[in-house]
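In what follows, a structure is listed as structure tokens, so that the remarks can point back to it.
Numbering (our numbering), first residue to last: 31 to 606.
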């Protein structure tokens, strides 16, 4: 039925009522089940009148949007939990292929790929007559073309997933259809602010999509199931405004990235990083579109503004790849934007011990900034160039570079640069064995960073202070510095710094004579290092103190490798 005026007459006919339906039902206790009311939702007021007139009547209605009448209790239908989803797939697969036999994990992954929607699971299971589960998985990157071929005794709209989604789409008002298609540009969800900026959304229209189950809400973020988003993207690509919406999306992400950079040393640092974590898939989508469409300058605005985020989120390899691909096509890009991206590339390369690339990118950036007279850029390029010299054990090479940078940042009053130079000079002093001087500089850098809300830099300086104290033989002072660094790093999710601190605590434990504790902490540090796919810089400081430990305390070492990060942190802090 598509006409709301026909709903109650159809109910009357179904129960054999003649005349007024409310009079016929009276006080009888009846359950009225109404399926798929979304296309006749205008009948809602009439149902409210019927319920008021018939106290024994209860209505169970399924609909993609609520009726919004008195007494209504909504029960949102979520995707199936994993175990029931796997069971449904297996039963439907066995119905078409009696000897179907596949592992639980494989089937669970198929269900996850189709968002654990019952209809999608049934349609996917029907394909096992033609495709192995491996083949099915490989084709589910694009779901809609393969999720077809449903039972012939189902309504046409339920025989393919596309038809089911299309059924809902056709019930939308024109403005709702436009917004639905535009929202497909977001990967991994969005906020209301993002929807307004990118898609021109308003509360009422987004609320209508939410009511009709085409959009989901989780706290402050909205999202679509991937199967629904795939259909939305198809609509967007066919609308003629796809390029415009994708550009708006990339510009919004660029503005977000630049906000992270501006506030990196401020009190809102942690909040912005969490925002970035939530928008990680959107960042990737924006960078991918910039490369695909040739919008290189816009892409470099994004990638070049996220230096500290690349490092903080432990995605340096990915950052280096994006920056490399964009910089390779950066001819004609604004020198300031290109220079920032080169510095980002140099820092990201440096933390991965790709020292040649780090030096090359920093030198190219320095040349660009000198040619344009950008003093702040010159200072940042100089400090970036100093890092490979320090990492290569060349304190003399770093000295002249840092002296020039220091003069510039102090004249400009640039506090972030001052703190960075203090940190680097502390490391430089450590290379020449000036332990007291090194500790003094790193302590000052850490205190200033913490006071200004730059928690990542504070944790980094305090960790390096711990290394200096350890190298100087002051084990208890090292433990204090590592504890301070670890508490900040664990709280802010700085996983690499957590790994470094665990290694430092392992060395402290062995110096204190706690062989088993040291082995557990060293095992957890090495497991963390492997999981994050990086190698700790200056690793020899710990290896010299922990030599042979993984063999002599094998059981403790292996148990440490099995610890999750939270337990490893608790173990380390419990020894401090």
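The C-beta atom is built at its ideal place from N, Cα and C for all residues, glycine as well.
Minimum C-alpha distance to residue i - residue among the options
i, options, result
"residue 309", "324, 331, 286", "286"
"residue 167", "373, 585, 135", "135"
"residue 424", "465, 446, 107, 385", "385"
"residue 109", "514, 83, 243, 67", "243"
"residue 240", "94, 195, 200", "94"
"residue 97", "578, 76, 407", "76"
"residue 584", "566, 598, 552", "552"
"residue 507", "525, 480, 466", "466"
"residue 338", "409, 450, 444", "450"
"residue 216", "579, 113, 272", "272"
"residue 482", "446, 527, 234, 569", "446"
"residue 504", "44, 588, 541", "541"
"residue 359", "268, 434, 341, 325", "325"
Buried versus exposed, by CB contacts within 10 Å (16 or more), residue i
i, result
"residue 575", "buried"
"residue 119", "buried"
"residue 484", "buried"
"residue 539", "buried"
"residue 63", "exposed"
"residue 334", "buried"
"residue 185", "At residue 185 the pLDDT is 49, less than 50, meaning the model places this residue with poor confidence; the figure from the coordinates comes in the next sentence. Residue 185 is exposed by the Cβ-count criterion."
"residue 561", "exposed"
"residue 374", "buried"
"residue 58", "exposed"
"residue 105", "exposed"
"residue 596", "exposed"
"residue 581", "exposed"
"residue 329", "buried"
"residue 609", "Because residue 609 is not part of the residues shown, which for the chain are 31 to 606, the question remains open."
"residue 543", "exposed"
"residue 92", "exposed"
"residue 607", "Any question about residue 607 goes unanswered here, given that the chain covers just 31 to 606."
"residue 125", "exposed"
"residue 472", "buried"
"residue 235", "buried"
Backbone CA spacing between residue i and residue j [nearest angstrom]
i, j, result
"residue 154", "residue 147", "10 Å"
"residue 363", "residue 291", "20 Å"
"residue 314", "residue 230", "22 Å"
"residue 282", "residue 212", "14 Å"
"residue 156", "residue 103", "35 Å"
"residue 519", "residue 414", "23 Å"
"residue 479", "residue 515", "12 Å"
"residue 593", "residue 550", "9 Å"
"residue 346", "residue 61", "60 Å"
"residue 548", "residue 256", "46 Å"
"residue 512", "residue 577", "20 Å"
"residue 261", "residue 603", "50 Å"
"residue 42", "residue 48", "7 Å"
"residue 67", "residue 149", "18 Å"
"residue 499", "residue 531", "13 Å"
"residue 264", "residue 274", "15 Å"
"residue 181", "residue 237", "Residue placement at residue 181 cannot be trusted, given a pLDDT of 49 that sits under 50; what the coordinates show is reported in the next sentence. C-alpha separation (whole angstroms): 34 Å."
"residue 453", "residue 352", "28 Å"
"residue 78", "residue 86", "13 Å"
"residue 434", "residue 404", "14 Å"
"residue 586", "residue 509", "21 Å"
"residue 427", "residue 460", "14 Å"
"residue 443", "residue 432", "16 Å"
Close beta carbons around residue i, own chain, < 7 Å, minus the five adjacent residues each side
i, result
"residue 37", "31, 70, 73"
"residue 476", "488, 491, 492, 495"
"residue 247", "240"
6 Å CB neighbourhood of residue i in its chain, flanking five on each side removed
i, result
"residue 365", "398, 402"
"residue 183", "Here the model assigns residue 183 a pLDDT of 47, short of 50, so the residue's position is not dependable and the matter cannot be decided."
"residue 388", "376, 379, 380, 418"
"residue 370", "334"
"residue 395", "369, 372, 373, 411"
"residue 163", "132, 136"
"residue 123", "130, 155, 158"
Short CB-CB distance (under 8 Å) between residue i and chain B
i, result
"residue 208", "The displayed structure is made up of one protein chain only, and chain B is not part of it."
Any non-hydrogen atom of the ligand FMN closer than 7 Å to residue i Cβ
i, result
"residue 597", "Of ligands this structure carries none, so the ligand FMN is not represented either."
Contacts around residue i, its chain only, beta-carbon distance under 8 Å, and the 5 residues preceding and following it disregarded
i, result
"residue 332", "280, 283, 284, 287, 313, 316, 317, 320"
"residue 54", "42, 45, 47, 48"
"residue 430", "none"
"residue 571", "497, 500, 501, 537"
Query raised in the report: What beta strand (DSSP E) runs, 3 residues minimum, are completely inside the stretch 449-477?
Result: none
Requested in this report: Would you list, in sequence order, the uninterrupted alpha helix (DSSP H) runs of no fewer than 4 residues that lie entirely inside the stretch 357-437?
Outcome: 365-381, 385-402, 405-421
Report task. Quick one: which unbroken beta strand (DSSP E) runs of 3-plus residues sit fully inside the stretch 37-121? Chain order, please. Result -> 60-64, 87-91
Requested in this report: Tell me the start and end of each unbroken alpha helix (DSSP H) in the stretch 129-156 that is at least 4 residues and wholly inside, in chain order.
Outcome: 134-143, 148-155
**Report entry** Completely contained alpha helix (DSSP H) runs for the stretch 532-606, where each covers 4 or more residues
**Finding:** 545-562, 570-576, 579-582, 584-591, 595-604
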